[in-house]
Amino acid sequence: MSVTAPLGFTASGLIAGLKPSGKKDLSLVINTGPDNAVAAVYTSNRCKANPVLWSQKVSANGQASAVVLNSGGANCYTGDFGYETTKLTAQYTAKLLSEAGNATTADDVLVCSTGLIGVGGQDFRDTIIDHLPPLVAAAEDSVEGGADAAEAIMTTDTVAKVATREGGSGYTIGGMAKGAGMLAPGLATMLVVITTDAKVDQTVLDSALRGATSRSFDRLDTDGCMSTNDTVILMSSGAHEGAVDEAEFSSLVADLCLDLMRQLHVDAEGAHHDIAITTQGAASEDDAVMVSRSVSRSALFKAAIFGQDPNWGRVVAQVGTTSAAFDPTQIDVSINGVEVCRASGPYEDPDKVEFSREVDVVIDLHAGDQSATVWTSDLTHDYVEENSAYST
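Residues 58 to 449, numbered by the numbering used here, are exactly what the sequence shown covers, in order.
What follows is the structure, encoded as structure tokens:
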């Protein structure tokens, strides 16, 4: 059920014709209330797509009643025409929702797009606008709306990503996500919509979401590339009357985001190995993130893991490129539980390392008590092949 698991939400997804594949490509999530609180975080890329520019303005007041999402075109760097397309999408959706009994204005409708940069011309606009009436109608009638909505935002994803959590008083949190490539800080090339019927203040939503994304989506770095369209939205209907423990709520949002992030991770384009790089013994959490991320972005390290080569020297070399606090002579490295490096020198036999789909790399800096994990993937022939032919 994903986004429709909580009370007060309906959704839909259908085939509009934006994708050459003929698969679902237009999605809608509606908050029917009684509350319409929203929190959102967006790509930190300075080159932002038109839907991001629009949605940042919409969500600034902490209120939103719906989000329209499309795959099959990013509507990024399509000029004033593309921004007007986003605005028209919000205006027409609001009109249709109001006619259906959900009084809404364009300033309460978020818009998200994903696909190729530069796609967003007249055909793109016409296709979306023409299919908004059946999209809204489907959201009113479909019991499979959550699943359809999750499917419609997929691009190179091989499976839809959904998750739910339930609070102690019976409230529910549901989420859907897309993303399989360009997974790097700034939320990855992802669209994520999270819904809840918990009755919480907007400030609680915002705090919970930012805390969750900083330790989940922002630590997924499969290829070091940051998208122009990244958006993560958390909407609350307040339809469940039970009391909400704010600490529990934040913990559940964080757990759901981590779940969705791991689903994105294991579906990364062309990946053969899912790699978790944990730096421990760091002087600060920022240092731990810095070191783990540096290793995650090493093409040499990622190629070694693809070849099942436990080359710890490539790990130590990357640690040395950072400004983290550590003694270069006191670095330990373990790969899948085998301590291949101790005190910056050879230790256990690398031949003891057994490779499977999951690879755990642990770096100990012996400089403090902080730790952090960054997730990445290996560099494979499949990744290069898929991304060398992506636009053609």
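Glycine included, C-beta positions come from ideal geometry on N, C-alpha and C.
Computed from a predicted model, the values in this text were never measured in an experiment.
The shortest C-alpha to C-alpha distance from Ser116 to any of Ala97, Ser101, Asn127, Lys105 is the one to Ala97. Thr386 sits exposed, since fewer than 16 C-beta atoms from the chains shown fall within 10 Å of its C-beta. In this structure, the alpha-carbon of Cys398 lies about 16 Å from that of Ile362. Just so you know, the alpha carbons of Leu110 and Cys282 end up roughly 20 Å apart.
For Gln337, there is no enclosing alpha helix (DSSP H); the enclosing beta strand (DSSP E) covers residues 331-339. Every beta strand (DSSP E) stretch that sits fully inside the segment 164-252 and reaches 3 residues is listed by chain position as 166-171, 218-223, 229-235. For Glu396, the secondary structure class from DSSP, reduced to helix, strand or coil, is strand. By the criterion of a C-beta distance shorter than 8 Å, Glu305 is surrounded in its chain by Gly224, Gly225, once the five residues flanking it on both sides are discounted. Assignment of Ile362 by DSSP, reduced to helix, strand and coil, places it in the helix class.
Gly178 and Tyr140 have their C-alpha atoms some 11 Å from each other. The DSSP-derived three-state label of Pro407 is helix. Contact between the segment 316-326 and the segment 228-238 is present, with at least three C-beta pairs closer than 8 Å.
Distance check between Asp278 and each of Leu436, Asn393, Ser78 places Leu436 closest, using alpha-carbon atoms only.
Assignment of Asp280 by DSSP, reduced to helix, strand and coil, places it in the coil class. Beyond the five residues adjoining it in sequence on each side, Glu197 comes within less than 7 Å, by CB distance, of Thr67, Ala157 in the same chain, given in chain order. When secondary structure is reduced to three states using DSSP, Gln148 falls in the helix class.
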